[in-house]
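In the working numbering, the protein residues as written are 18 to 189.
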């Protein structure tokens with residue numbers, strides 16, 4: 018990832034003006050890159066254990082977080098082509114992870130919803146990691162965790178916007 022340049026301000030001095038800050042920023046960028054790589058590997062391993070592809074796994078995560086969506090909404094939120102979503106939903110339905118249900122207010126539309134019992138089987142695969150993250154959180158004060166949360170939320174929003182710019186799609 019190329020180093021990002023920004024104009025110097027009182028809060029953000031020019032590179033080199035505050036050596037300690039430069040060192041900390043370099044560590045943050047390196048940790049972010051490593052976290053991204055490990056996240057991809059971890060989720061790939063989870064998907065494989067569950068008999069899913071990476072796209073299927075992330076689609077289930079999207080449905081769990083967003084609730085039932087139409088195929089069009091799935092395409093928009095996932096960045097997949099609408100034709101790809103149909104095959105994706107077919108595969109997830111055959112594997113027992115989703116079901117198609119009638120839209121509650123528009124009988125012409127169909128929603129795709131995750132099956133909670135199937136998601137429960139997936140949740141078991143996250144238990145060790147979740148426990149370990151909980152133990153890590155115990156090492157930080159609530160105030161420190163608030164800063165971490167603010168950083169991760171801001172970083173995620175900026176990455177979502179960057180992805181939208183790269184794909185010519187609006188960010189959520």
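In this text, a Cβ means the ideal position worked out from N, Cα and C, and glycines have one as well.
Count the C-beta pairs between the region 115-122 and the region 74-92 that are closer than 8 angstroms, then say yes if the count reaches three, no if not.
-> yes
What is the DSSP secondary structure of residue 156, reduced to helix, strand or coil?
-> As a position in the chain shown, residue 156 is number 139, starting the count at 1. Looking at residue 156 - three-state DSSP - the assignment turns out to be coil, as it is neither helix nor strand.
Rounded C-beta distance between residue 106 and residue 129? I'm assuming under 8 angstroms.
-> To locate residue 106, count along the chain shown from 1; it is residue 89. To locate residue 129, count along the chain shown from 1; it is residue 112. Contact holds; Cβ gap of about 5 angstroms.
Do you know offhand how far residue 121's Cα is from residue 92's?
-> Translated into positions along the chain shown, residue 121 becomes position 104. Translated into positions along the chain shown, residue 92 becomes position 75. Residue 121 and residue 92: Cα-Cα distance of roughly 20 angstroms.
Among the residues of its own chain, which have a CB less than 7 angstroms from the CB of residue 184, if the five just before and after it don't count?
-> Taking the chain shown and counting its residues from 1, one reaches residue 184 at position 167. Closer than 7 angstroms at the Cβ level, and outside the excluded window around residue 184, lie 96.
Would you kindly check if the distance between the Cβ of residue 71 and the Cβ of residue 62 is under 8 angstroms?
-> Taking the chain shown and counting its residues from 1, the one referred to as residue 62 is at position 45. Taking the chain shown and counting its residues from 1, the one referred to as residue 71 is at position 54. No; because the gap between Cβ atoms is not below 8 angstroms, this pair is not in contact.
Could you give the residue range of the beta strand (DSSP E) that holds residue 128?
-> Within the chain shown, the letter at position 111 stands for residue 128. First-last of the beta strand (DSSP E) with residue 128: 127-131.
With residue 116 as the anchor, note down where its beta strand (DSSP E) starts and where it stops.
-> Taking the first residue of the chain shown as 1, we reach residue 116 at position 99. That run of the beta strand (DSSP E) goes 115-119.
Backbone CA spacing between residue 174 and residue 147 [nearest angstrom] = As a first step, residue 174 must be located in the chain shown, where it is residue number 157. As a first step, residue 147 must be located in the chain shown, where it is residue number 130. Distance between the alpha carbons of residue 174 and residue 147 is about 23 angstroms.
Nearest-angstrom beta carbon gap, residue 139 and residue 88 [assumed within contact, 8 angstroms] | Position 71 of the chain shown, counting from 1, holds the residue named residue 88. Position 122 of the chain shown, counting from 1, holds the residue named residue 139. Between residue 139 and residue 88 the Cβ distance is about 22 angstroms, and since that is not below 8 angstroms, they are no contact.
Cβ pair residue 42, residue 73 closer than 8 angstroms | Taking the first residue of the chain shown as position 1, residue 42 is located at position 25. Taking the first residue of the chain shown as position 1, residue 73 is located at position 56. The answer is no: Cβ separation not under 8 angstroms.
Rounded C-alpha distance that separates residue 18 from residue 54 | Residue numbering aside, residue 18 sits at position 1 when the chain shown is read from its first letter. Residue numbering aside, residue 54 sits at position 37 when the chain shown is read from its first letter. For residue 18, the predicted structure reports a pLDDT of 48, less than 50, and the residue's modelled location is therefore unreliable. The matter cannot be settled from this model.
Close-in-space but distant-in-sequence residues of the same chain around residue 123 (CB under 6 angstroms, 5 per side omitted) = Within the chain shown, numbered from 1, the residue matching residue 123 stands at position 106. Taken in chain order, the list of residues that qualify is empty.
For residue 69, count neighbouring C-beta atoms within 10 Å of its own C-beta (all shown protein chains included) and say buried if the count is 16 or more, exposed if not.
-> Taking the first residue of the chain shown as position 1, residue 69 is located at position 52. Counting Cβ neighbours within 10 Å, residue 69 comes out buried, since at least 16 surround it.
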